Amino acid sequence: MTMDSTKTASEFEGKSIVVVGATGALGGATSRRLAELGALVTMTGANAEVLTALENEITARGGTALAVNLRPQSENDATEIVARATERFEKVDGLVVASGTNRVAMISDMTLEQFDEVMNANVRATWLICRAFGGELIKSNRSGSVVIVTSTRALLGHGAGYSAYCSSKGAENLLTRTLAAEWGAAKIRVNAVAPTVFRSNLTAWMYEDDERAVKTREGMLSRIPLGRLAEPDDVVGPTLFFLSESSGFCTGQILYVDGGYTAC
Numbered sequence: 029m030t031m032d033s034t035k036t037a038s039e040f041e042g043k044s045i046v047v048v049g050a051t052g053a054l055g056g057a058t059s060r061r062l063a064e065l066g067a068l069v070t071m072t073g074a075n076a077e078v079l080t081a082l083e084n085e086i087t088a089r090g091g092t093a094l095a096v097n098l099r100p101q102s103e104n105d106a107t108e109i110v111a112r113a114t115e116r117f118e119k120v121d122g123l124v125v126a127s128g129t130n131r132v133a134m135i136s137d138m139t140l141e142q143f144d145e146v147m148n149a150n151v152r153a154t155w156l157i158c159r160a161f162g163g164e165l166i167k168s169n170r171s172g173s174v175v176i177v178t179s180t181r182a183l184l185g186h187g188a189g190y191s192a193y194c195s196s197k198g199a200e201n202l203l204t205r206t207l208a209a210e211w212g213a214a215k216i217r218v219n220a221v222a223p224t225v226f227r228s229n230l231t232a233w234m235y236e237d238d239e240r241a242v243k244t245r246e247g248m249l250s251r252i253p254l255g256r257l258a259e260p261d262d263v264v265g266p267t268l269f270f271l272s273e274s275s276g277f278c279t280g281q282i283l284y285v286d287g288g289y290t291a292c
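Numbering (my numbering), first residue to last: 29 to 292.
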């Protein structure tokens, strides 16, 4: 899709949005859509090559984007991400946390290092970037919106080695609600979108036609009333909803974007 300079102005026009995990499928799709709508997008990630390519793509289409080759793994990195966005665009208005990782192993086989890796990437990093972002808004007396990408696995257990991942996503859900309660008086809204499987580099194999993929996919589809797996764009719309004033009276909410998976 080519960005059109004659497009009708959207409420995202001129809004400064930070997307953490922009090198992933969902973070990339969200960054592209926000830029199409006129947002000023600060994109973070660990893969400098992918990040730069995304920045160049958005710029070539007439959008405005800033690539910051950092992940919020430390206080300094989280502060730097927000500072870079504020320096370039003079403010921050929104934050999307779309980064994370998983290590699949039964608890008896999982090492403490693997557990810590998942918890650090999914919980600690989210907490750090939220703290830096919220601190900047409170300091500048500005309202804003945070969207954390969690998972259906925050609500449902999994018997195939997901003790770290499910625990981390459950923690993100409760962090969402806690920050909503803590920051409500400051007019900072915090919500979460919780997808089931969507197409990404990690899950692309599930969309193939080999025996393993078909068996896994059929097992998933038997639990999804809408009868298909998700695409990143299926999650982008709900993310934009929570960033927008259409959700102005929503905070502390978890929206399961799962084709009905958690309804069954």
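For glycine and all other residues, C-beta sits at the position ideal for the given N, C-alpha and C.
Note that the coordinates shown come from a computational prediction; the quantities given were computed from them, not determined experimentally.
No Cβ-Cβ contact shorter than 9 Å links residue 89 with residue 72.
Straight through space, the alpha carbons of residue 116 and residue 151 are spaced by roughly 27 Å.
When the beta-carbon positions are compared, residue 120 and residue 47 stay at least 9 Å from each other.
DSSP assignment within the stretch 207–275 yields the following whole beta strand (DSSP E) runs of 3 residues or more, N-terminal first: 216–223. Short of 6 Å from the beta carbon of residue 269, and not among the five residues preceding or following it, lie these beta carbons of its own chain, in chain order: 275.
By a beta-carbon distance limit of 8 Å, residue 217 does not contact residue 209. Their separation comes to about 11 Å. By the Cβ rule, the stretch 193–201 does not count as touching the stretch 236–249, because fewer than three pairs are nearer than 8 Å.
Per DSSP, the unbroken beta strand (DSSP E) holding residue 71 starts and ends at 68–72.
Less than 9 Å divides the Cβ of residue 91 from the Cβ of residue 63. With a cut-off of 8 Å on Cβ pairs, the stretch 254–265 is in contact with the stretch 215–233, counting three or more such pairs. Of all alpha-carbon atoms in 140, 175 and 65, the one lying nearest the alpha-carbon of residue 122 is that of 175. Residue pairing of residue 45 in beta bridges, as defined by DSSP: 69 and 122. In this structure, DSSP gives residue 59 a helical state, which the three-state scheme calls helix.
Assignment of residue 171 by DSSP, reduced to helix, strand and coil, places it in the coil class.
By the neighbour-count definition (other C-beta atoms within 10 Å, threshold 16), residue 206 is an exposed residue. Taken atom to atom, the span from the alpha-carbon of residue 222 to that of residue 282 is near 7 Å. A distance below 8 Å between beta-carbons, with the five flanking residues on each side excluded, links residue 108 to the following residues of its chain, in chain order: 96 and 98. Within the model, the alpha-carbon separation for residue 231 versus residue 163 is close to 35 Å. Contact between residue 126 and residue 58 is confirmed by a C-beta separation of about 6 Å, below the 8 Å threshold.
By the criterion of a C-beta distance shorter than 6 Å, residue 214 is surrounded in its chain by 166, once the five residues flanking it on both sides are discounted.
The three-state reading of DSSP puts residue 166 in helix, counting H, G and I together.
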